[in-house]
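Peer 1:
Number of protein chains: 4
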Amino acid sequence: MAYEADDDLDAGMDSPHLPKSDPAVGGIAADRLRSVIERVERLEEERKALAGDIKDIFSEAKSAGFDVKVIRQIIRIRRQEPAEVEEQETLLDIYRRALGM
Amino acid sequence: MAYEADDDLDAGMDSPHLPKSDPAVGGIAADRLRSVIERVERLEEERKALAGDIKDIFSEAKSAGFDVKVIRQIIRIRRQEPAEVEEQETLLDIYRRALGM
Amino acid sequence: MAYEADDDLDAGMDSPHLPKSDPAVGGIAADRLRSVIERVERLEEERKALAGDIKDIFSEAKSAGFDVKVIRQIIRIRRQEPAEVEEQETLLDIYRRALGM
Amino acid sequence: MAYEADDDLDAGMDSPHLPKSDPAVGGIAADRLRSVIERVERLEEERKALAGDIKDIFSEAKSAGFDVKVIRQIIRIRRQEPAEVEEQETLLDIYRRALGM
DNA sequence: TCCTAACATTGCCGTC
DNA sequence: GACGGCAATGTTAGGA
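Quick mapping for you: the protein sequence lines, in order, are chains A, B, C and D.
Counting from 1, one number per residue, gives the positions in the first sequence under the UniProt record's numbering.
Counting from 1, one number per residue, gives the positions in the second sequence under the UniProt record's numbering.
Counting from 1, one number per residue, gives the positions in the third sequence under the UniProt record's numbering.
Counting from 1, one number per residue, gives the positions in the fourth sequence under the UniProt record's numbering.
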């Protein structure tokens, strides 16, 4: 890859997006940045793995003769239902407040 | 939480969320509410129509051989203040250097 | 605005995202690109204007003593209901097909 | 359309969407269906949890003074193939020149 | 290949 | 005025 480390940046420069009083990019802020990025990337990989697992289950289901589209739809509905319950409660709450109750 | 109970309600007192001196829900306040809702819904439809038009233009552009993603990027850049563009690019650069990219 | 035309680019280069047999970026492809972008920007402005109008209506409603959050919720529900009817029909269809009917 | 009617069904014949030789809905096919759905739902919850974790990390990063938007950008770049990054940047450049930006 | 539905991101609104 | 949550938008991946 074409990018090289470049440690000659000014230190001590304040910016709203460079943590103050940290060695600007060569020091611990850089470490922290790296940590943030790597942790996120790690979690995203796990997410991706889970997506793969889900896909596998659907493949298996398809092989077993199920209609995947239908199953997806069922799952979608089951997902929505609790949301709707939530919503109804929220709405009730809002109306109550709107009425000063 | 957003709204606090209005503990100061006496019988017949106005709520902060129901227009004063209007017949609460059966009268002109209800009409006004209806009007608000319908006007908003009308405008939202127009918005939706415009979104469709935009989509069409991008389709056309794609057919003409352009890379739609890049065009979107350009539009985004043009929308931002030049100063902001500069800021973002600078910061990206700094972070990249911090990571040795 | 700050940008000026720049007609000194090579012509004749083929790319999947540069329309073939057009003077690459200095000629009519550039014109077309510009046209696409400007039309989209125009439509986006209209969209933005509509968003402003909606905002105004809500402001007015708020001034009139209505609870904007509640109104939004109502509109959301009214929007969802037709979608749900659609969905139910789709689902019925899917089940029928799944059963080979 | 996705599925065509199976016009070749005789009484008692198996549908392509119901596992063969299983008691149609009351038996082990139903169990298997239930299993599929529950496993998928379980994995989706895990996915959601991971999304929450990622969000937390970004919050932390923000508190530490980083610009979250830029960090996202970095992660996006790292995720792409270097060749693609190059391609996109090149194209952006070309379009910009075409527009005189 | 096109289109729909999930997902991630961005911007907004309300709160502290 | 900043922060956090929420809603809307844009993007991406999967299915038809």
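All C-beta atoms in this analysis are idealised placements derived from N, C-alpha and C, irrespective of residue type, glycine included.
Can you give me the C-alpha to C-alpha distance between C/A83 and B/A49, rounded to a whole angstrom?
Peer 2: Taking the straight line from one Cα to the other gives about 17 angstroms.
Peer 1: Quick one: list the residues of chain B neighbouring D/V70, beta-carbon separation under 9 angstroms, in chain order.
Peer 2: Residues of chain B with a Cβ closer than 9 angstroms to the Cβ of D/V70 are, in chain order, Q88, L91, L92, I94 and Y95.
Peer 1: Any idea if B/D67 is buried or exposed, counting beta-carbon neighbours within 10 angstroms, 16 or more meaning buried?
Peer 2: buried
Peer 1: Measuring CA to CA, which of A/R34, A/E86 and A/A64 is closest to D/R78?
Peer 2: Nearest option by C-alpha distance: A/R34.
Peer 1: What do you get for B/A51, buried or exposed, if any count of 16 or more other CB atoms within 10 angstroms of its CB means buried?
Peer 2: exposed
Peer 1: Nearest-angstrom Cα distance between A/I75 and D/I54?
Peer 2: The C-alpha of A/I75 lies about 25 angstroms from the C-alpha of D/I54.
Peer 1: CA-CA distance, D/A98 and C/R47?
Peer 2: Their backbone Cα atoms lie some 27 angstroms apart in a straight line.
Peer 1: Can you find the residues in the same chain that come closer than 7 angstroms, C-beta to C-beta, to B/L92, ignoring five residues on each side of it along the sequence?
Peer 2: none
Peer 1: Step through the CB atoms of chain A and report whether any lies within less than 8 angstroms of the CB of D/E47.
Peer 2: The sequence shown places Arg at residue 47 of chain D, not Glu. Yes, its Cβ sits closer than 8 angstroms to a Cβ of chain A.
Peer 1: I think D/G65 touches A/L43, with their Cβ atoms under 8 angstroms apart; what is that distance to the nearest whole Å?
Peer 2: Between the beta-carbon of D/G65 and that of A/L43 there is about 22 angstroms, and that puts the pair past the 8 angstroms contact cut.
Peer 1: Roughly how many whole angstroms lie between the Cα atoms of D/I94 and D/I71?
Peer 2: 26 angstroms
Peer 1: Where does B/G65 fall in DSSP's three states?
Peer 2: coil
Peer 1: How long is the line joining the alpha carbons of B/D6 and D/S63, rounded to whole angstroms?
Peer 2: Because the pLDDT at B/D6 is just 42, under 50, the model does not fix this residue reliably, and the value given afterwards should be weighed accordingly. So the two alpha carbons sit approximately 36 angstroms from each other.
Peer 1: Can you have a look at A/R96 and say buried or exposed, based on whether 16 or more other CB atoms are within 10 angstroms of its CB?
Peer 2: exposed
Peer 1: For a test of the three-state rule: what should DSSP assign to A/L18, helix, strand or coil?
Peer 2: strand
Peer 1: With DSSP run on the structure shown, which of helix, strand or coil describes A/L50?
Peer 2: DSSP places A/L50 in helix when its eight states are reduced to three.
Peer 1: Would a check of beta-carbon distances place B/Q73 closer than 8 angstroms to chain D?
Peer 2: yes
Peer 1: Of the residues B/D56, B/I28, B/E41 and B/R32, which one's Cα is nearest the Cα of C/Q80?
Peer 2: B/E41
Peer 1: Please check the pair C/I28 and B/R39, which I expect to be a contact at CB under 8 angstroms, by giving their CB distance rounded to whole angstroms.
Peer 2: C/I28 to B/R39, Cβ: 43 angstroms. No contact.
Peer 1: Closest to D/Q88 by CA distance: which of B/E86, B/K69, B/E45 and B/R32 is it?
Peer 2: B/K69
Peer 1: Roughly how many angstroms separate the alpha carbons of D/S59 and D/Q73, rounded to a whole number?
Peer 2: 16 angstroms
Peer 1: Within the 8 angstroms Cβ cut-off, does B/D31 reach chain D?
Peer 2: no
Peer 1: Taking Cβ to Cβ, would you say B/V36 is nearer than 8 angstroms to C/A30?
Peer 2: B/V36 places its beta carbon 8 angstroms or farther from that of C/A30.
Peer 1: Apart from the five residues on each side of it in sequence, which residues of its chain come closer than 8 angstroms, Cβ to Cβ, to residue 104 of chain C?
Peer 2: Residue numbering for chain C in the displayed model covers 1 to 101; residue 104 of chain C lies beyond these limits and cannot be assessed.
Peer 1: Hey, does D/L99 have any beta-carbon neighbour from chain C nearer than 8 angstroms?
Peer 2: yes
Peer 1: In this structure, how does DSSP classify C/A11 when only helix, strand and coil are distinguished?
Peer 2: Note that C/A11 has pLDDT 43, beneath the 50 cutoff, so the model's placement of it is unreliable and the number below is only indicative. The answer is coil: DSSP assigns C/A11 none of H, G, I, E or B.
Peer 1: Taking only the alpha-carbon atoms, compute the straight-line gap between D/R32 and D/E45 and give it to the nearest angstrom.
Peer 2: 20 angstroms
Peer 1: Using a Cβ-Cβ distance cut-off of 8 angstroms, determine whether C/R39 contacts chain D.
Peer 2: no
Peer 1: For B/V85 and A/V85, I'd like the C-alpha separation in whole angstroms.
Peer 2: The C-alpha of A/V85 is placed about 44 angstroms away from the C-alpha of B/V85.
Peer 1: Determine, for C/R34, whether the minimum Cβ-Cβ distance to residues of chain D falls below 8 angstroms.
Peer 2: yes
Peer 1: Does D/D67 come within less than 8 angstroms of chain B when only Cβ atoms are used?
Peer 2: yes
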